[in-house]
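These notes are about the structure you will find just below.
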Amino acid sequence: MRIKFYLKRPVPGPNATAKAKAEYKKNKDAPTAIYALVNHSGNSLKVYTGLSIIPEYWDKERCRPKSVAFSKFPDRPEFTERLDRIEGTIKSAFHNYKNDNGHADPSPATLRSIIDAALNKKVQKLTFLEYFEDFVQRSFDGKRINPRDKHKKPVGAGVTRGYQTTLNHLKGYNQGSRRKLDFDTIDLDFHAKFTEYLTTAPVGENGKPLALSLNTVGSNFQRIKAVLSEATDKGINKNTAFKQKYFVKQTEESDSIYLTAEELIEMLRLDLSENERLDNVRDLFLIGCFTGLRFSDFSALKPENIKDGFIRITQIKTGDPVTIPVHSIVRKILDKRNGETPRAISNEKLNFYLKELGRMVPALNKTESKRITKGGSTVIRNLQKWELLTTHAARRSFATNEYLQGTPSLTIMAITGHKTEKAFMKYIRATPDEHAHKIKALWDKRAGKMQAI
393 MRIKFYLKRP VPGPNATAKA KAEYKKNKDA PTAIYALVNH SGNSLKVYTG LSIIPEYWDK
453 ERCRPKSVAF SKFPDRPEFT ERLDRIEGTI KSAFHNYKND NGHADPSPAT LRSIIDAALN
513 KKVQKLTFLE YFEDFVQRSF DGKRINPRDK HKKPVGAGVT RGYQTTLNHL KGYNQGSRRK
573 LDFDTIDLDF HAKFTEYLTT APVGENGKPL ALSLNTVGSN FQRIKAVLSE ATDKGINKNT
633 AFKQKYFVKQ TEESDSIYLT AEELIEMLRL DLSENERLDN VRDLFLIGCF TGLRFSDFSA
693 LKPENIKDGF IRITQIKTGD PVTIPVHSIV RKILDKRNGE TPRAISNEKL NFYLKELGRM
753 VPALNKTESK RITKGGSTVI RNLQKWELLT THAARRSFAT NEYLQGTPSL TIMAITGHKT
813 EKAFMKYIRA TPDEHAHKIK ALWDKRAGKM QAI
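The numbering of the sequence shown is the numbering used here, which starts it at 393 and goes up by one.
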């Protein structure tokens, strides 16, 4: 019997097709499944291990993980051990069958059956980190359904990357912890120590703290709770300490900004005729500002979504349909492009280019003071407004500007997709002065009606 491990999606060789190379480049940072190829008596059997790895960390000659830097792959020794155990389990199952059956070789179907049975016994003993890895891999493979999506679509790539980040933090924490992480050790003590790890504890080779913000720490615990909830529902986890109050997601107001109508007009009037890249960036961003769509939706907008003065799309995140009137500024952008929508670029690139664009807008060259809890301490950040510019500001700008101009909250929510007014109001970034001016405008309007009587 010969057993070798291979990747479902390996690094393409020099003779690979351009399509294969492009597909790999697109997903090169996503873990891929590892399977064992079992060869015996002229038969081959492919057995998935339940493990996954980032392709560049895999040594295809040795069929084991590469000896990469600790900071990149801290649990490489344990990972290699698990592959060794799987190989040993398969061989033991094979030899046990032969010993019990007069040294007769099993048929391919029987061999598959005894291997599956042997490996399934191991699955029942998954550790918390192993289960978390499986959770992430199922998400990357499109096998985990978004529980909030009424159309039962798989969770998105962005959400999955967030879980991968949390898993990486947990592995780093576990590497330096005396009390090893497992289902039965996730309690108040873990909550306190993992919070310390994410905020103030020296981490990694340079000994610097991660210094994550309160909101980011809260998001990590929210993901941990989601994994634990699923494991509990499946009967794998019996420890329900994560349901206690101290495990609640902590949040504070983020430093997201919105752009006023005047600032948006100033951005619109920039002469970018000699800079096609920033012209495209501006048009993409402004479409977001005047539609209220999420980045995933406004960047995917096509001419066929626009008809008879309305934009009609199905939102990617929720699967809900939405209809939005075409704003005059959006119409101006489309007319400039002969009815075509701006070229889509990645969220990361758009965020980077937006700061370059924002710096060119005089009104955005002003200081914004933001209070944030980072690394366990509350700090005041004094930044230029353009430095805070991201794609998320587009949606906030739409919601806040419409709210200040008197558009009913429920009408705005029908476009932004917020389900509750509480969630919607978190998007509103109006200052106390702006709220006061809104009330004054309403009072003046009422006074005018009274005088007309």
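For every residue, glycine included, the Cβ atom is placed at its ideal position computed from N, Cα and C.
The beta-bridge partner set that DSSP reports for I395 consists of V430. Sorting A815, M752, N491, F397 by C-alpha distance to the C-alpha of M659 places M752 at the top.
Your pair L781 and K758 does not check out as a contact, with CB atoms roughly 13 Å apart and the cut at 8 Å. P717 sits in a strand when the DSSP states are folded into three classes.
When secondary structure is reduced to three states using DSSP, A833 falls in the helix class. Leaving aside the five residues that flank N672 on each side, the residues in its chain whose CB is nearer than 7 Å to its CB run, in chain order, P734, R735. In this structure, DSSP gives R571 a state outside helix and strand, which the three-state scheme calls coil. Beta bridge pairing from DSSP links E760 with L775. Annotation note: the segment 402 to 431 contains the following uninterrupted alpha helix (DSSP H) runs of length 4 or greater, listed N- to C-terminal: 410 to 418. Rounded to the nearest whole angstrom, the C-alpha separation of R661 and R674 is 10 Å. If you keep only unbroken alpha helix (DSSP H) runs of at least 4 residues inside the segment 596 to 654, you get 606 to 625.
Burial is judged here by how many other beta carbons sit within 10 angstroms of a residue's own beta carbon; Y638 has fewer than 16 and is exposed. Around the beta carbon of F702, fewer than 16 other beta carbons lie within 10 angstroms, which makes this residue exposed. In this structure L775 is exposed. Its beta-carbon is surrounded by fewer than 16 other beta-carbon atoms within 10 angstroms. As for any alpha helix (DSSP H) of minimum length 4 sitting wholly inside the segment 449 to 531, the runs are 468 to 492, 500 to 515, ordered along the chain. Remark: C-beta atoms of K777 and L756 approach each other more closely than 9 Å. Between R504 and P447, the C-beta gap is not smaller than 9 Å, which leaves the two residues out of contact. When DSSP states are grouped into helix, strand and coil, F702 belongs to the strand group.
Contact between the segment 517 to 530 and the segment 553 to 563 is present, with at least three C-beta pairs closer than 8 Å.
Distance from the CA atom of T632 to the CA atom of T803, rounded to whole angstroms, is 41 Å. Sixteen is the threshold: since fewer than 16 other Cβ atoms of the shown chains lie within 10 Å of the Cβ of R704, the residue is exposed. For V439, the enclosing beta strand (DSSP E) starts and ends at 435 to 445.
Per DSSP, the beta-bridge partners of I537 are P546. Of the residues assessed, N612 falls on the buried side of the cut-off, its CB having 16 or more other CB atoms within 10 angstroms. In the three-state reduction of the DSSP assignment, P800 falls in the coil class. Distance between H432 and D492, taken at the CA atoms: about 18 Å. Straight through space, the alpha carbons of Y565 and F586 are spaced by roughly 7 Å.
Look at P824 here: in three-state DSSP terms it is helix.
Shown here for S648: same chain residues with a beta carbon closer than 8 Å to its own, the five before and five after excluded, namely L780, T782, H784, A785, R788, R821 in chain order.
In the DSSP assignment, L749 falls within the alpha helix (DSSP H) that extends over 739 to 751. Using a Cβ distance threshold of 9 Å, R615 and Y555 count as a contacting pair.
DSSP places P594 in the strand class (E or B) of the three-state scheme. Here the alpha carbon of D576 sits roughly 36 Å from the alpha carbon of L437. For D689, the enclosing alpha helix (DSSP H) starts and ends at 687 to 690.
Here F816 carries a helix assignment [DSSP, helix/strand/coil].
In the displayed model, G680 falls within a helix according to three-state DSSP.
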